[in-house]
Amino acid sequence: MLIPMIVMVGIFYLVLFLPMRRRQRKLDDLLANLKSGDRVVTNAGVIGVITGLTDTTVTLRVKPDNVKIEFARSAVSGIAQEEDKA
Numbered sequence: 008m009l010i011p012m013i014v015m016v017g018i019f020y021l022v023l024f025l026p027m028r029r030r031q032r033k034l035d036d037l038l039a040n041l042k043s044g045d046r047v048v049t050n051a052g053v054i055g056v057i058t059g060l061t062d063t064t065v066t067l068r069v070k071p072d073n074v075k076i077e078f079a080r081s082a083v084s085g086i087a088q089e090e091d092k093a
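This note's numbering puts the first residue of the sequence shown at 8, with every later residue one more than the last.
This is the structure in structure tokens:
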């Protein structure tokens, strides 16, 4: 009776928690390695180029008017793909 319960908890851990921890570690590495000039996308979908960094904030230059917007560093969700110049 106890062994099936332990196996279920182990499978639950492998299926849910392990991938979530890997994803969080990857995002933490991304946020730690941001630098000026990187093209990023935020959780809100705003795409811009980093112009300034502090420990807690990121300043992005956003097209089309080159407006500078300040975001929390944790709002960055990834590196944006380069757009095709056609």
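Don't be surprised by glycine CBs; every beta carbon is placed ideally from N, CA and C.
The segment 47–62 and the segment 12–27 do not touch, with fewer than 3 CB-CB distances between them shorter than 8 Å.
Shown here, S43 sits in coil according to DSSP, grouped into three states, outside any helix or strand. With respect to T64, A79 sits close: the two C-beta atoms are nearer than 8 Å. For G17, there is no enclosing beta strand (DSSP E); the enclosing alpha helix (DSSP H) covers residues L9 to F19.
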